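Structure record follows, encoded as structure tokens.
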């Protein structure tokens with residue numbers, strides 16, 4: 001009966017119901033990541049990152065109709081920033097001229113996205129401690145203790161060292177502080193007598209009244225510097241975001257990012273916040289050959305391995321934008337700086353882009369021997385996976 005039934009229950013039951021369909025693979029997260037060289041204090045880097053994320057998320061939503069999170073992945077040193085594109089720690093990043101070239105060569109074919117207006121006519125400054133009165137320009141560092149920023153910094157080491165070398169100036173000693181702000185601090189606290197850093201950071205220290213009695217005694221000639229660089233991995237990542245590439249103007253993520261930066265308008269509060277964070281009046285596209293002199297100077301100073309310096313510069317160099325966005329004829333990024341003291345002329349091509357040499361196409365022997373690593377239409381030399389500073 002119902003209470004004490006002895007009927008057995010089959011161990012298995014045959015069902016006519018079909019087996020459930022496996023769960024579909026979740027879609028990749030709709031996210032782009034970026035990094036930046038740690039050339040300034042952490043609060044400045046974070047403020048910049050927040051401005052970038054807010055502006056680009058809004059721009060991508062309005063332009064492409066998709067919600068994409070733009071996430072900042074910080075690094076602790078310049079070397080990690082350079083490796084970030086290759087290691088997929090970041091899809092794009094903010095670099096100095098020298099580190100930008102290096103990061104791109106490590107993640108071919110990378111793309112130069114954009115630069116600030118001021119980066120077309122950038123300068124470094126040499127500062128002196130309180131009470132000093134150096135009046136002989138770049139030669140003032142002769143026999144004195146000198147602080148640089150990072151060894152991989154364009155404006156905090158590469159170009160200052162170039163101008164010292166051209167003037168045959170030998171400091172008594174040099175140290176690397178790791179960042180522009182720490183260079184100012186080193187001169188303030190007497191760790192060194194003089195220091196070299198980028199002029200925009202110096203201008204911001206003056207505005208914040210945190211120069212501690214230090215002052216500028218020499219400003220270098222112009223050179224190109226900071227830029228946004230996108231690694232090769234961003235293309236596939238963008239393609240995997242559902243619906244991201246379907247809207248007009250959104251098919252190519254490199255073009256999209258270039259347009260996002262160069263079209264930023266100060267009338268947009270998010271764009272103005274971006275400009276304020278980066279101490280700029282706006283962003284512009286990068287023209288072919290602009291960063292050739294940075295690579296050439298790095299080679300001449302032994303800061304780029306010789307095997308890369310001897311490879312031909314491709315004749316088909318270009319930038320994803322080829323933008324016709326207007327660029328002011330003249331820019332003064334250091335309105336509060338004194339006039340530069342007389343000094344050596346800039347290396348050929350630094351004041352303005354120069355004509356590019358005709359590249360020698362690799363022969364079959366070159367390719368079979370492995371002497372040609374790869375070639376990129378976006379970068380200033382045949383690209384290579386391995387690329388290190390000395």
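Numbering (the working numbering), first residue to last: 1 to 390.
Every residue gets a Cβ at the ideal spot worked out from N, C-alpha and C, and that includes glycine.
Bear in mind that the values here come from a model prediction, so they are computed numbers and not experimental data.
Residue nearest to residue i in terms of C-alpha spacing, selected from the options
{"i": "residue 79", "options": "153, 291, 172 and 198", "result": "153"}
{"i": "residue 160", "options": "200, 220, 143 and 67", "result": "220"}
{"i": "residue 81", "options": "66, 302 and 107", "result": "107"}
{"i": "residue 102", "options": "240, 231 and 173", "result": "231"}
{"i": "residue 76", "options": "210, 36, 238 and 66", "result": "36"}
{"i": "residue 123", "options": "162, 172 and 69", "result": "162"}
{"i": "residue 286", "options": "227, 185, 242 and 22", "result": "227"}
{"i": "residue 39", "options": "19, 179 and 218", "result": "179"}
{"i": "residue 149", "options": "93, 74, 199 and 110", "result": "199"}
{"i": "residue 206", "options": "181, 229 and 298", "result": "181"}
{"i": "residue 127", "options": "109, 156, 112 and 100", "result": "156"}
{"i": "residue 109", "options": "74, 21, 284 and 234", "result": "234"}
{"i": "residue 295", "options": "100, 172 and 269", "result": "100"}
{"i": "residue 112", "options": "241, 89, 135 and 284", "result": "284"}
{"i": "residue 41", "options": "298, 214, 204 and 297", "result": "204"}
{"i": "residue 49", "options": "135, 291, 302 and 93", "result": "93"}
{"i": "residue 133", "options": "291, 214 and 89", "result": "214"}
Pair within 8 Å by beta-carbon distance, residue i and residue j
{"i": "residue 119", "j": "residue 254", "result": "no"}
{"i": "residue 43", "j": "residue 71", "result": "no"}
{"i": "residue 33", "j": "residue 91", "result": "yes"}
{"i": "residue 158", "j": "residue 98", "result": "yes"}
{"i": "residue 222", "j": "residue 121", "result": "yes"}
{"i": "residue 169", "j": "residue 193", "result": "no"}
{"i": "residue 271", "j": "residue 47", "result": "no"}
{"i": "residue 67", "j": "residue 114", "result": "no"}
{"i": "residue 130", "j": "residue 212", "result": "yes"}
{"i": "residue 137", "j": "residue 218", "result": "yes"}
{"i": "residue 250", "j": "residue 69", "result": "no"}
{"i": "residue 394", "j": "residue 239", "result": "Not covered by the structure: residue 394. The range shown for the chain is 1 to 390."}
Counted within 10 angstroms of its Cβ, other Cβ atoms place residue i as buried (16 or more) or exposed
{"i": "residue 104", "result": "buried"}
{"i": "residue 85", "result": "buried"}
{"i": "residue 216", "result": "buried"}
{"i": "residue 189", "result": "exposed"}
{"i": "residue 266", "result": "exposed"}
{"i": "residue 248", "result": "exposed"}
{"i": "residue 183", "result": "buried"}
{"i": "residue 274", "result": "buried"}
{"i": "residue 289", "result": "buried"}
{"i": "residue 300", "result": "exposed"}
{"i": "residue 264", "result": "buried"}
{"i": "residue 61", "result": "exposed"}
{"i": "residue 65", "result": "exposed"}
{"i": "residue 429", "result": "Residue 429 falls outside the range modelled here, since the chain spans only 1 to 390, and no answer is possible."}
{"i": "residue 208", "result": "exposed"}
{"i": "residue 269", "result": "exposed"}
{"i": "residue 165", "result": "exposed"}
{"i": "residue 243", "result": "exposed"}
{"i": "residue 20", "result": "exposed"}
{"i": "residue 293", "result": "buried"}
{"i": "residue 349", "result": "Note that residue 349 scores a pLDDT of 44, beneath 50, so its modelled location is shaky; the value from the coordinates is reported in the next line. With 16 or more other Cβ atoms within 10 Å, it is buried."}
{"i": "residue 298", "result": "buried"}
{"i": "residue 282", "result": "buried"}
Rounded distance between the beta-carbons of residue j and residue i, thought under 8 Å
{"i": "residue 280", "j": "residue 117", "result": "6 Å"}
{"i": "residue 186", "j": "residue 177", "result": "5 Å"}
{"i": "residue 95", "j": "residue 201", "result": "About 15 Å; that fails the 8 Å criterion."}
{"i": "residue 45", "j": "residue 18", "result": "That belief does not hold up - the Cβ atoms of residue 45 and residue 18 are roughly 55 Å apart, past 8 Å."}
{"i": "residue 141", "j": "residue 171", "result": "5 Å"}
task: State whether the stretch 250-265 contacts the stretch 126-146, with contact taken as three or more CB pairs (one from each stretch) at a distance under 8 Å.
output: no
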